Amino acid sequence: MTVSLKEKYKVPFDNIDFTGKINMNGISSYMQMIAANHASILGFNYYKNGESMPEYYWIISRVKYVIDQYPLWEEEFTITTYPGGYDKLYAVRCFDLCTVEGKPIGKIIGDYLLMDVKKQRPARIKGAQGNLACLDFPYEGEKLEKLRLPETHDLEQIRCAYYSELDLNGHMNNAHYVRWIVDALPLELLKAHEISSLEINYNTSITYGVNVITLCVSRAPFSRYR
């Protein structure tokens, strides 16, 4: 059975920002694509398909992006993904970003929950059988902790999810949360610095037309900029 999957991408025009480099939203989209492709190969890509619903489905709960170098427009790069094991109820998926020559340029850690459709609660990964057995080993890498809300903020915006941002379940797609976060940062800050890391906790779903307040702390102690 294939334990890891490596895919090559070429940065398209609609995935770059004003710097001419791939944006964080584009990286998040590629992360989702290769994760789904790999889960299909491993036999546990559970998702809603028309009127049918499998016994389980996946949701991403926490994710951390660490980017050391952003690929340029039309530049090729690779993402390799592989199971990281389990951390409590989480199935951890790891992603390595590299140049086509093999130079590391970033990494992503994703904590996923396998939801039981009938019980509507997470299923255990430890001791899993069948296709899920390849996830049944303890995760030994960096643990993603619960993020705290800031006590103060510099800027705030009110946004809502539109039709083009929804997924199969009628929720805003994970990659658009990344776009909203980056959009909340002042342009002057983004012109002067690159985002070197970004961490998200997905605590609830955003549905069509729901108003959401985004709070920006441009110099929070837990943020890192280059």
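Numbering (the numbering used here), first residue to last: 355 to 580.
By construction, the Cβ of each residue, glycine as well, lies at the ideal position given by its N, Cα and C atoms.
Given the structure is predicted, the values throughout are model-derived calculations rather than measurements.
On the DSSP bridge assignment, give the partners of residue i in chain order.
i, result
"G439", "V446"
"H525", "T561"
"V420", "K461 and S551"
"C570", "L509"
"I296", "Residue 296 is absent from the structure shown; the chain starts at 355 and stops at 580."
"Y411", "M469"
"P504", "Paired residues: none, contrary to the question."
"R475", "D470"
"P425", "None; P425 has no bridge partner."
"L520", "M526"
"I370", "I376"
To the nearest angstrom, how far is it from the Cα of residue i to the Cα of residue j?
i, j, result
"K360", "I433", "6 angstroms"
"I459", "P425", "9 angstroms"
"E496", "D450", "14 angstroms"
"I554", "L443", "18 angstroms"
"I395", "L569", "39 angstroms"
"V357", "Y436", "6 angstroms"
"I370", "G456", "22 angstroms"
"Y556", "E428", "31 angstroms"
"P408", "Y517", "25 angstroms"
"C514", "V566", "6 angstroms"
"G380", "L498", "22 angstroms"
"V471", "D521", "18 angstroms"
"N523", "E430", "32 angstroms"
"D441", "D422", "26 angstroms"
"V365", "S382", "13 angstroms"
"E505", "L544", "23 angstroms"
"Y531", "K473", "27 angstroms"
"D508", "V571", "5 angstroms"
Tell me where the beta strand (DSSP E) around residue i begins and ends.
i, result
"I463", "P458 to D470"
"Q511", "L509 to C514"
"Y363", "L359 to K364"
Taking the alpha helix (DSSP H) that residue i belongs to, which residues open and close that run?
i, result
"S394", "M378 to L396"
"Y543", "Going by the sequence as given, residue 543 is Leu instead of Tyr. Per DSSP, L543 belongs to the alpha helix (DSSP H) from L541 to A546."
With a cut-off of 8 angstroms on the beta carbons, I'd call residue i and residue j a contact; round off their distance for me.
i, j, result
"I462", "Y419", "5 angstroms"
"Y466", "R478", "Incorrect: roughly 13 angstroms between the Cβ atoms, too far for contact."
"M378", "L552", "6 angstroms"
For the ligand ZN, is there a heavy atom less than 7 angstroms away from the beta-carbon of residue i?
i, result
"N391", "What this structure holds is no ligand at all, so the ligand ZN is not there to describe."
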